[in-house]
Amino acid sequence: MAEATANGLGQHTLHGAQAHDPAATGIAPAEVHQEHPIKLYLVVWAWLFILSACSYLVDYVGLQGYLRWSLILIFMMLKAGLIVAVFMHMAWERLALTYAIILPPILVLVFVAMMVFESDYTLLTRMVFFGAEP
Amino acid sequence: MADTTLTHIGRTQPRPAGLQGVAADWSSDQRAFKNVSWGKAMMWIFLLSDTFVFGCFLLSYMTARMSTRVPWPNPSEVFALHIGGSNVPLILIAIMTFVLISSSGTMAMAVNFGYRRDRRKTAILMLLTAALGATFVGMQAFEWTKLISEGVRPWGNPWGAAQFGSSFFMITGFHGTHVTFGVIFLIIVARKVWRGDYDTGRPGFFTSRRGSYENVEIMGLYWHFVDLVWVFIFAFFYLW
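Protein chains in written order, with the numbering used here: chain A, 5 to 138; chain B, 12 to 251.
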């Protein structure tokens, strides 16, 4: 409960099974229900719209180069973070679950790095054997 | 995180905060996800594996695009629509993005009304989510038809690198399939909500377990994941 109020998103309570029925003993199933105000979802919804519009504008305005790529990545990460944290309720889950789900995908970045080297090598050999232009 | 006693009254000892608490949850012979039901934990683990599937697709797309000598077709022009005498870049994709985000919003609210035991609103919001999802798939079918009629094939296209077609059909095809299955299961769960299965604890047809309104949240996890994948596809395939 301390975490639910400490994360800055408001004073939402997580109702355990016992919260609904105080007479139930500790043996009862202990699932936590995610109940948050509707307003929170509407605010996140609005932000997702704004961020999507921003990332679309990046293309519409025609930004190029590092500015384009960094803006695309920033808007993408913000949107993904909002969806996972609020819509999927990850912000209120227990840390043991959060780490188990969030950490493994980050390791995909290692795979990305490997494939960047691999594709640079492939491109190099293609240019050496076939020339720079098709 | 000091809430161990929240759900296991009188049975578990207090946990240290932060990483030490995570280690305490995961160590020794016990249940790692203390206050998460198995249905929800398994959905998360399924979604984690699905993350790797889509991660591999996007990686193969990255590798193909980085390693080809032939210029990559400009998605901004390829996916433009001719509206009112001028080409509007990526407009259909932008509309699809907004449709899918809206469906995520209605799904989140359906979960909320589910826990408030408002059967009517939950079912209506889920059916609205399914309708938006079906709209998305319809627009994707339109997009595929347009590209195929313009000569895009998995082995080539008129504008540049041949791998464009295979990456496009593979990634959006798998995503569209996920959306389609999501729509089907949304309708199934909405029917259960409407009938009151989760109020009476009626056993499910597949596992014979008694359902609860948490099933709506688990369905929601899948649906939000589909939206999440689209965020990455939109960024890497259409905008990059």
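A virtual CB, placed ideally from N, CA and C, is assigned to each residue, including glycine.
Since we're looking at a predicted model, the values are computed, not measured.
Three-way DSSP call (helix, strand, coil) for residue i in this model
| i | result |
| --- | --- |
| Thr93 (chain B) | Note on identity: in this sequence residue 93 (chain B) is His, with Thr being the wrong assignment. His93 (chain B) falls in the strand class under three-state DSSP. |
| Asn46 (chain B) | coil |
| Asn85 (chain B) | coil |
| Gly167 (chain B) | strand |
| Pro214 (chain B) | strand |
| Arg221 (chain B) | strand |
| Gln68 (chain A) | coil |
| Gln38 (chain A) | strand |
| Thr17 (chain A) | Legend: pLDDT at Thr17 (chain A) = 46, less than 50; position of this residue unreliable, no value from coordinates given. |
Below-8 Å beta-carbon distance, residue i vs any chain A residue
| i | result |
| --- | --- |
| Met12 (chain B) | Here Met12 (chain B) scores only 44 on pLDDT, less than 50, and its place in the model is too uncertain to base an answer on. |
| Tyr72 (chain B) | no |
| Leu143 (chain B) | no |
| Val33 (chain B) | yes |
| Asp61 (chain B) | no |
| Leu250 (chain B) | yes |
Range covered by the alpha helix (DSSP H) that runs through residue i
| i | result |
| --- | --- |
| His235 (chain B) | Glu225 to Ile244 |
| Gln174 (chain B) | Gln174 to Arg206 |
| Asp36 (chain B) | Gly29 to Trp37 |
| Leu111 (chain B) | Ile102 to Tyr126 |
| Gly149 (chain B) | Arg130 to Ser160 |
| Tyr249 (chain B) | No alpha helix (DSSP H) holds Tyr249 (chain B); DSSP gives it neither H nor E. |
| Ile104 (chain A) | Correcting the residue type first, residue 104 (chain A) is Ala in the shown sequence and not Ile. Counting along the chain, the alpha helix (DSSP H) containing Ala104 (chain A) begins and ends at Leu99 to Ile110. |
8 Å Cβ cutoff, residue i in contact with chain B
| i | result |
| --- | --- |
| Asp25 (chain A) | With a pLDDT of only 41 at Asp25 (chain A), under the threshold of 50, the placement of this residue in the model should not be trusted, and no figure is reported. |
| Ala117 (chain A) | no |
| Val65 (chain A) | no |
| Leu71 (chain A) | no |
| Gln38 (chain A) | yes |
| Ile76 (chain A) | yes |
| Ser123 (chain A) | yes |
| Phe133 (chain A) | no |
| Trp49 (chain A) | yes |
| Ile105 (chain A) | yes |
| Ala114 (chain A) | The identity of residue 114 (chain A) in the sequence shown is Val, whereas the question assumes Ala. False, the Cβ-Cβ gap to chain B never drops below 8 Å. |
Proximity of residue i and residue j at Cβ, strictly below 8 Å
| i | j | result |
| --- | --- | --- |
| Leu103 (chain B) | Leu92 (chain B) | yes |
| Met233 (chain B) | Phe90 (chain B) | Before going further, note that residue 233 (chain B) is Tyr rather than Met in the sequence given. No, they are not a contact pair. |
| Trp205 (chain B) | Arg130 (chain B) | yes |
| Leu55 (chain A) | Phe79 (chain A) | yes |
| Thr102 (chain A) | Met94 (chain A) | yes |
| Lys51 (chain B) | Ile229 (chain B) | yes |
| Leu158 (chain B) | Ala201 (chain B) | no |
| Ser178 (chain B) | Tyr72 (chain B) | yes |
| Val237 (chain B) | Gly193 (chain B) | yes |
| Lys203 (chain B) | Gly187 (chain B) | no |
Interface partners of residue i on chain C, CB under 8 Å
| i | result |
| --- | --- |
| Leu232 (chain B) | No chain C is part of this structure, whose protein chains are labelled A and B. |
With 16 other Cβ atoms within 10 Å as the buried cut-off, status of residue i
| i | result |
| --- | --- |
| Asp63 (chain A) | buried |
| Met107 (chain B) | buried |
| Val64 (chain B) | exposed |
| Thr129 (chain A) | exposed |
Closer than 7 Å: residue i CB and nearest the ligand SAH heavy atom
| i | result |
| --- | --- |
| Pro41 (chain A) | You won't find the ligand SAH in this model; it holds no ligand whatsoever. |
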